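Asks: Chains as they are written, first to last, in the UniProt record's numbering: chain E, 1 to 241; chain A, 1 to 241.
Just so you know, even glycine gets a beta-carbon here, dropped at the ideal spot from N, CA and C.
Note that this is a predicted model, so its numbers are computed, not measured.
Structure in structure tokens, see below.
Number of protein chains: 2
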Amino acid sequence: MEPLDTALYDRPSVTVDVVVLTLRGGCLEVLLVRRKEHPFLNYWSLPGGFIWKGESLDEAAARVLRHKAGLEAEAGRTRRPGGHPIYLEQLYTFGSPNRDPRARVISVAYYALVEQSHVREISEESGLFRLLLKDEENVAEIYDAKGKKYSLAFDHAEILAVAVRRIRGKLSYTPIGFELLPERFTLRELQAVHEAILQKKLNKASFRRKMLASGLLQPTGEFERGTGFRPAELYRFRREA
Amino acid sequence: MEPLDTALYDRPSVTVDVVVLTLRGGCLEVLLVRRKEHPFLNYWSLPGGFIWKGESLDEAAARVLRHKAGLEAEAGRTRRPGGHPIYLEQLYTFGSPNRDPRARVISVAYYALVEQSHVREISEESGLFRLLLKDEENVAEIYDAKGKKYSLAFDHAEILAVAVRRIRGKLSYTPIGFELLPERFTLRELQAVHEAILQKKLNKASFRRKMLASGLLQPTGEFERGTGFRPAELYRFRREA
DNA sequence: GCAATAGTGTCTATGAGACAGTATAGC
DNA sequence: GCTATACTGTCTCATAGACACTATTGC
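Below, the structure written as structure tokens:
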């Protein structure tokens with residue numbers, strides 16, 4: 001077997017960028033990190049990194065999640081601190097020839113769904129930003145808590161747009177809203193997650209019926225406490241199904 | 001701006017592989033090419049190629065479609081010989097560290113939907129093969145016209161499995177079946193496409209209602225000829241919608 | 001009792017499947 | 001007339017939205 005002649009072709013660098021999504025205050029938010037290098041010095045950007053030798057794409061994404069987002073992970077099986085895995089899925093691969101001004105860099109984008117309490121608080125180097133995607137737009141908009149708008153490094157605003165569209169589409173046939181909630185949650189909380197992602201109000205009775213009929217929710221027999229009104233039952237996601 | 005230090009990281013080669021799907025004899029088929037090099041010498045494989053400098057991933061996929069599958073294309077806008085574009089979409093990126101025994105090769109897979117008459121006839125170097133994906137399997141099976149089964153090069157049987165699952169999912173919320181048919185077609189032909197992809201019989205009246213209600217079909221006022229039974233009206237896909 | 005939300009029941013509209021019935025081509 | 005398929009009408013069933021009604025908590 002002769003060695004592969006790679007000199008004839010472009011030899012791009014390949015990175016993995018991870019869109020870490022969470023829910024806070026009824027809004028979809030994304031974890032961004034501040035760049036410490038040129039180009040786009042001091043711009044906010046998606047956490048990412050180059051692929052290492054001997055590492056699969058999934059493993060690289062889990063490593064980025066662990067090192068850059070502080071989310072515990074095992075090789076290939078990223079886990080929440082609590083124990084069960086963080087939702088992590090490949091999104092799309094971005095490879096416009098000039099998306100990085102330094103060199104040819106192809107980015108395999110992933111997205112992760114994380115419960116808000118597991119994400120580090122905002123700091124100088126990283127933070128959660130509100131994520132807004134208008135219909136018909138192909139770039140997402142990013143705001144901090146004060147409502148200030150930011151431009152992102154590279155084509156990361158486009159990657160975010162693809163991520164939001166993907167999760168909206170996915171939600172319409174899969175109830176992945178769980179992944180943004182603690183292990184036990186009420187149906188009201190789950191409905192709020194769906195409403196925040198889909199950006200529209202849902203019918204309460206219908207939402208309950210559909211969720212319970214799916215067989216994916218397991219009632220725990222326990223209830224909320226100290227709500228000031230009738231407490232709702234807590235459910236758990238049946239991951240085996 | 002300092003140059004990117006790429007020596008610290010793995011520098012994989014990046015290829016594009018295209019799953020060209022078509023419909024023949026009521027079955028989903030895929031275009032494969034025979035390898036002329038090691039590894040997997042003489043094995044059938046997906047048409048593919050390395051990414052060139054200055055070329056986007058979409059453009060690379062269109063080029064592979066044009067050169068290796070003989071399907072006319074313009075930069076970024078692959079077109080059928082007749083005039084309207086061939087459906088071409090990014091599928092998934094495969095990057096297991098040992099998927100190519102020679103070197104680290106990451107493959108960005110695309111899939112294309114093509115009318116059967118536009119695909120070259122079977123030859124020594126390329127041909128159409130019947131494509132079968134069993135439930136719960138993560139590799140597809142490949143058969144020639146005589147029913148002989150083949151093993152594919154690299155992880156291409158896995159790529160095909162992902163492609164079949166993607167098109168099945170897509171069909172349930174988008175009527176991409178057109179893309180496998182000539183410009184004008186009957187509702188019976190369209191239904192046959194859906195049945196072949198989804199691997200199940202559909203209700204005729206219901207299928208008609210749904211398709212006509214979608215507003216995506218334009219009646220031409222013309223009819224089939226020489227069928228031996230009542231001829232059906234020919235429809236056209238309204239691409240502007 | 002009041003406020004607020006949990007959880008249920010009922011009506012309606014919509015859309016899919018089943019199936020029968022009429023229409024139209026070649027023979 | 002016969003056959004095969006096109007195309008339509010109707011019934012039923014499942015599901016979603018609308019909305020009202022009862023239940024349960026803290027105050």
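Check the C-beta distance from Val119 of chain E over to Thr22 of chain E and give it rounded, since I have them as a contact under 8 Å.
Replies: Within the first sequence, residue 119 of chain E is the residue found at index 119, counting from 1. Within the first sequence, residue 22 of chain E is the residue found at index 22, counting from 1. That belief holds up - the Cβ atoms of Val119 of chain E and Thr22 of chain E are roughly 6 Å apart, short of 8 Å.
Asks: Cutting at 7 Å between CB atoms, please list the residues of its own chain near Tyr87 of chain E, excluding the five before and the five after it.
Replies: Here the question's residue 87 of chain E lines up with position 87 in the first sequence. Excluding sequence neighbours, Tyr87 of chain E sits near Ala112, Leu113, Ile176 and Glu179.
Asks: Is the beta carbon of Leu133 of chain A less than 8 Å from the beta carbon of Ala161 of chain A?
Replies: By 1-based counting over the second sequence, the position of residue 133 of chain A is 133. By 1-based counting over the second sequence, the position of residue 161 of chain A is 161. Yes. Within cutoff.
Asks: Could you name the residues of chain E that Leu57 of chain A contacts, counting a contact when the two beta carbons are closer than 9 Å?
Replies: Counted from its first residue, the second sequence places residue 57 of chain A at position 57. Neighbours of Leu57 of chain A on chain E, chain order: Thr93, Phe94, Gly95, Ser96 and Ile106.
Asks: Mind the definition here: the stretch 197-215 of chain E touches the stretch 137-147 of chain E only if three or more C-beta pairs lie below 8 Å; say whether that holds.
Replies: Flag = no, the stretch 197-215 of chain E and the stretch 137-147 of chain E do not touch.
Asks: Going straight from the alpha carbon of Leu216 of chain E to that of Glu136 of chain A, what length do you get?
Replies: One-based indexing of the first sequence puts residue 216 of chain E at position 216. One-based indexing of the second sequence puts residue 136 of chain A at position 136. Their Cα atoms are separated by approximately 20 Å.
Asks: Flag this pair as touching only if the stretch 11-28 of chain E and the stretch 40-54 of chain E have three or more C-beta atom pairs under 8 Å; answer yes or no.
Replies: Yes: the two stretches touch, three or more of their Cβ pairs being nearer than 8 Å.
Asks: Does Gln199 of chain E come within less than 8 Å of chain A when only Cβ atoms are used?
Replies: Position 199 of the first sequence, counted from the start, is the residue given in the question as residue 199 of chain E. No, Gln199 of chain E does not count as interfacial toward chain A.
Asks: Quick one: is residue 251 of chain A near chain E, going by C-beta distance under 8 Å?
Replies: As shown, chain A starts at 1 and ends at 241. That puts residue 251 of chain A outside it, with no answer to give.
Asks: What separation, rounded to the nearest whole angstrom, lies between the Cα atoms of Ile167 of chain A and Tyr235 of chain E?
Replies: As a first step, residue 167 of chain A is located in the second sequence; it is residue number 167 there, counting from the start. As a first step, residue 235 of chain E is located in the first sequence; it is residue number 235 there, counting from the start. C-alpha separation (whole angstroms): 34 Å.
Asks: Closer than 8 Å by beta-carbon distance: list the chain E residues that pair up with Gln90 of chain A, in chain order.
Replies: For the purposes of this step, residue 90 of chain A is taken as the residue at position 90 of the second sequence. Near Gln90 of chain A (Cβ distances below 8 Å), the residues of chain E are Tyr92 and Thr93.
Asks: For the candidate residues A:Ser126, A:Glu115 and A:Lys53, whose alpha-carbon lies nearest to that of Lys36 of chain A?
Replies: Position 36 of the second sequence, counting from 1, holds the residue named residue 36 of chain A. Cα-wise, what sits closest to Lys36 of chain A is A:Ser126.
Asks: For chain A, check one thing: does any of its Cβ atoms lie closer than 8 Å to the Cβ of Leu54 of chain E?
Replies: Here residue 54 of chain E refers to the residue found at position 54 when the first sequence is read from its first residue. This sequence places Gly at residue 54 of chain E; Leu is not what is there. True, the Cβ-Cβ gap to chain A drops below 8 Å.
Asks: Let me know if Ser107 of chain A comes out buried or exposed under the rule of 16 or more other beta-carbons within 10 Å of its beta-carbon.
Replies: Position 107 of the second sequence holds residue 107 of chain A. Buried.
Asks: Applying a beta-carbon distance threshold of less than 7 Å, which residues of chain A neighbour Arg11 of chain E?
Replies: Here residue 11 of chain E corresponds to residue number 11 of the first sequence, with the count starting at 1. Neighbours of Arg11 of chain E on chain A, chain order: Arg11 and Ser13.
Asks: What did DSSP end up calling Val64 of chain E once you bin it into helix, strand or coil?
Replies: Counted from its first residue, the first sequence places residue 64 of chain E at position 64. Val64 of chain E falls in the helix class under three-state DSSP.
Asks: May I ask which residues mark the beginning and end of the alpha helix (DSSP H) holding Ile159 of chain A?
Replies: If you number the second sequence from 1, residue 159 of chain A lands on position 159. Segment His156 to Leu171, the alpha helix (DSSP H) holding Ile159 of chain A.
Asks: For the alpha helix (DSSP H) containing Leu152 of chain E, list its first residue and its last residue.
Replies: Position 152 of the first sequence, counted from the first residue, corresponds to residue 152 of chain E. Segment: none, Leu152 of chain E is in no alpha helix (DSSP H) and carries neither H nor E.
Asks: In the DSSP assignment, find the alpha helix (DSSP H) that holds Val193 of chain A and state where it starts and stops.
Replies: Position 193 of the second sequence, counted from the first residue, corresponds to residue 193 of chain A. From DSSP, the alpha helix (DSSP H) with Val193 of chain A extends over Leu187 to Leu198.
Asks: Using a Cβ-Cβ cutoff of 9 Å, what residues of the stretch 149-170 of chain A are near chain E? List them in chain order.
Replies: Against chain E - using a Cβ distance shorter than 9 Å - the residues of the stretch 149-170 of chain A are Gly169.
Asks: What are the start and end residues of the alpha helix (DSSP H) that includes Phe207 of chain A?
Replies: Counted from its first residue, the second sequence places residue 207 of chain A at position 207. Taken as a continuous stretch (DSSP letters only), the alpha helix (DSSP H) holding Phe207 of chain A covers Lys204 to Ala213.
Asks: So, at 8 Å on beta carbons, what are the nonlocal neighbours of Met1 of chain A in its own chain, with the 5 sequence-adjacent residues on each side left out?
Replies: Start at 1 with the first residue of the second sequence, and residue 1 of chain A comes out as number 1. Residue placement at Met1 of chain A is flagged as unreliable, the pLDDT there being 46, under the threshold of 50; the coordinate-derived value follows with that caveat. Contacts found: none.
Asks: Taking 8 Å as the threshold (C-beta atoms), are Val33 of chain A and Ala61 of chain A in contact?
Replies: Taking the second sequence and counting its residues from 1, one reaches residue 61 of chain A at position 61. Taking the second sequence and counting its residues from 1, one reaches residue 33 of chain A at position 33. Contact: no.
Asks: From Arg66 of chain A to Thr220 of chain E, what does the alpha carbon distance come to, in whole angstroms?
Replies: Residue mapping note: residue 66 of chain A aligns to position 66 of the second sequence, counting from 1. Residue mapping note: residue 220 of chain E aligns to position 220 of the first sequence, counting from 1. So the two alpha carbons sit approximately 57 Å from each other.
Asks: Which word fits Phe229 of chain E, buried or exposed, when buried means at least 16 other C-beta atoms lie within 10 angstroms of its C-beta?
Replies: Sequence index remark: in the first sequence, residue 229 of chain E carries index 229 (1-based). Exposed, by the Cβ-count rule.
Asks: How is Phe237 of chain A classed by DSSP in three states: helix, strand or coil?
Replies: Position 237 of the second sequence, counted from the first residue, corresponds to residue 237 of chain A. Reduced to three states, the DSSP call for Phe237 of chain A is strand.
Asks: Please state the DSSP three-state secondary structure of Ala109 of chain E.
Replies: Mapped onto the first sequence, residue 109 of chain E falls at position 109. Of the three classes helix, strand and coil, the one that applies to Ala109 of chain E here is strand, per DSSP.
Asks: What residue from A:Met211, A:Gln90, A:Asp155 and A:Arg11 has the CA that sits closest to Val56 of chain A's CA?
Replies: In the second sequence, counting from the first residue as 1, residue 56 of chain A sits at position 56. According to the sequence provided, residue 56 of chain A is Ser. The question's Val does not apply to it. Ser56 of chain A has its Cα closest to that of A:Gln90, out of A:Met211, A:Gln90, A:Asp155 and A:Arg11.
Asks: Any idea which residues DSSP pairs Asp17 of chain E with across the strands?
Replies: The residue given as residue 17 of chain E occupies position 17 in the first sequence. In DSSP, Asp17 of chain E forms a bridge with E:Gly48 and E:Ala109.
Asks: Give the single residue among A:Phe94, A:Thr227 and A:Arg188 whose Cα lies nearest to the Cα of Lys201 of chain A.
Replies: Along the second sequence, read from residue 1 onward, the residue named residue 201 of chain A stands at position 201. Per the Cα distances, A:Arg188.
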